[in-house]
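Here is the structure we will look at.
In the working numbering, the protein residues as written are -14 to 487.
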């Protein structure tokens, strides 16, 4: 039987997002402090929504061709950017057919020939603008592009109801632990990513919590701002948790104002949670979600962070879940399977891609997350890995995230990633670890030490039969997800080079 949320249902918003953001009168608009380069994004986004438009956030690290693809695929009519990115934007807009006068600026810098968004107004008394009527359930508020591991990015269509519901559901999940009167949020996650877009922009505007904005993450700046603004809460990703556990910079600052950190976007291991607590006495809880779910669907209860380490918490209100096997058959609650979700935050579909939409959403409305997990008897959900990332060793499933968590706890390791590589002699995939060793640590004999360390702590089918490789940095997306495809390509190249020498 499908699993229901432990929370009571809440009312699904039936108004457009602009109205929803300002329906609460008991708190002020968030007091954004810190680096001003990014704080133009929330009001600009809300302005587009007020004007009945759709916002499609783009990654500023895109190449011109990648940006051109999104502009064309989304049907964008205009683009807002910062002055420093104008050369790239001009190249992409020229290819996409967007005229130069449709490029507007945000941030502090100005550029001749381009209008800043704050300068846009209509002084004509002859024209009276009327907003297009919004259908909150069908009209797209945000078109975010997935960071899929294969193929071109897909445009995820999120309605006003999708985002509005997620904001309210997340408020219910956090309960009274955070208030606009007492809490300050440090926001460094990219606003173009669904995690930052919903949790940092829309959620904080709705709840009114003071938001200190960083233009980009740097561990020392993070610690400095926590100390200076007495930050009480921050949404983070596992690489940041890793730095808080291991970086020498952390000990220079007073982080005692932090009541809690919430980690998302990628799996977080119990070893890292415990390491941060042991070092700075700051608890770390987890949440879970995807672009296609607006994004948050689960969040760990504050009081359970230490007794349910590794869990992403309870499913938020108004959602229903199934756990299914590889054939799509539902497995009993408690058993491991692919998580399927249904509720008001599930996307409308993928833009211009009905086949992908049909493959992802069942006829009865369940979205297939592609994530493997299970739920315990108390309703705590554990996500163990991605369906496509599980390593199959002679029929046994090996979750890379589990091995990565153990490797991260090793005192000589700064960061680690695990992938499956094919071993012809064994006729099977085997786990291989890519390791970033700590500065100053000799690598002589370290690979053997790491292999034995894992050998002694896991079941035999999870051992590092694919060996250990040392690299300078683990390739990751902006949201902190390990880019395993990059490592797999590197592994193939290594294999070809090895065969060429035989």
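Note that beta-carbon positions come from the ideal geometry of N, C-alpha and C, so glycine has one too.
All figures in this text were calculated on a predicted structure; none of them were measured in a lab.
Contact check, residue i vs residue j, beta carbons under 9 Å
| i | j | result |
| --- | --- | --- |
| residue 259 | residue 240 | no |
| residue 217 | residue 168 | yes |
| residue 453 | residue 435 | yes |
| residue 333 | residue 351 | no |
| residue 261 | residue 229 | yes |
| residue 5 | residue 149 | yes |
| residue 65 | residue 102 | yes |
| residue 564 | residue -1 | For residue 564 there is no data in the structure shown, the boundaries of the chain being -14 and 487. |
| residue 379 | residue 446 | yes |
| residue 371 | residue 356 | yes |
Top-ranked residue by Cα proximity to residue i, from the options
| i | options | result |
| --- | --- | --- |
| residue 276 | 138, 476 and 198 | 138 |
| residue 263 | 236, 274 and 145 | 236 |
| residue 185 | 62, 166, 280 and 67 | 280 |
| residue 395 | 323, 359 and 227 | 227 |
| residue 273 | 55, 311, 221 and 291 | 221 |
| residue 387 | 374, 399 and 379 | 374 |
| residue 78 | 51, 267, -8 and 94 | 51 |
| residue 438 | 409, 308 and 392 | 392 |
| residue 174 | 225, 80, 385 and 359 | 225 |
| residue 271 | 471, 288, 249 and 255 | 249 |
| residue 287 | 246, 311 and 306 | 246 |
| residue 444 | 47, 384, 42 and 410 | 384 |
| residue 208 | 238, 61 and 190 | 238 |
| residue 72 | 83, 60 and 49 | 49 |
Length of the line joining the Cα atoms of residue i and residue j
| i | j | result |
| --- | --- | --- |
| residue 99 | residue 397 | 51 Å |
| residue 37 | residue 296 | 39 Å |
| residue 117 | residue 33 | 12 Å |
| residue 489 | residue 422 | Missing from the structure shown is residue 489; the chain here goes from -14 to 487 and no further. |
| residue 511 | residue 465 | Nothing about residue 511 can be reported from this structure: the residues present for the chain run from -14 to 487 only. |
| residue 414 | residue 232 | 34 Å |
| residue 154 | residue 302 | 6 Å |
| residue -4 | residue 182 | 22 Å |
| residue 27 | residue 244 | 25 Å |
| residue 480 | residue 432 | 18 Å |
| residue 319 | residue 349 | 23 Å |
| residue 304 | residue 317 | 18 Å |
| residue 21 | residue 90 | Low per-residue confidence applies at residue 21: pLDDT is 38, beneath 50, and the placement is therefore not dependable, though the value from the model is reported in the following sentence. Those two C-alpha atoms are separated by around 13 Å. |
| residue 478 | residue 44 | 28 Å |
| residue -14 | residue 315 | 8 Å |
| residue 399 | residue 472 | 17 Å |
| residue 35 | residue 2 | 8 Å |
| residue 210 | residue 67 | 24 Å |
| residue 162 | residue 215 | 16 Å |
| residue 17 | residue 193 | With a pLDDT of 47 at residue 17, under the threshold of 50, the modelled position of that residue is not reliable, and the figure given next carries that caveat. So the alpha carbons of these two residues sit roughly 10 Å apart. |
| residue 313 | residue 354 | 12 Å |
| residue 404 | residue 449 | 10 Å |
| residue 483 | residue -6 | 58 Å |
| residue 341 | residue 430 | 47 Å |
| residue 105 | residue 41 | 20 Å |
| residue 56 | residue 419 | 36 Å |
| residue 178 | residue 128 | 11 Å |
Burial state of residue i (16 or more Cβ within 10 Å)
| i | result |
| --- | --- |
| residue 469 | buried |
| residue 485 | exposed |
| residue 440 | exposed |
| residue 365 | buried |
| residue 24 | buried |
| residue 324 | buried |
| residue 115 | exposed |
| residue 337 | exposed |
| residue 285 | buried |
| residue 95 | exposed |
| residue 9 | exposed |
Which residues DSSP lists as bridging residue i, in chain order
| i | result |
| --- | --- |
| residue 322 | 358 |
| residue 247 | 220 and 270 |
| residue 142 | 128 and 334 |
| residue 422 | 398 |
| residue -11 | 305 |
| residue 371 | 356 |
| residue 89 | 65 and 100 |
| residue 409 | Answer by DSSP bridge pairing: none, since residue 409 is not bridged. |
| residue 172 | 198 |
| residue 461 | 467 |
| residue 493 | Because the chain in this structure spans residues -14 to 487, residue 493 falls outside the shown range and cannot be described. |
| residue 115 | Answer by DSSP bridge pairing: none, since residue 115 is not bridged. |
Proximity test, residue i beta-carbon vs the ligand NAP heavy atom, cut-off 8 Å
| i | result |
| --- | --- |
| residue 297 | Annotation note on the ligand NAP: not contained in the displayed structure, which lists no ligands. |
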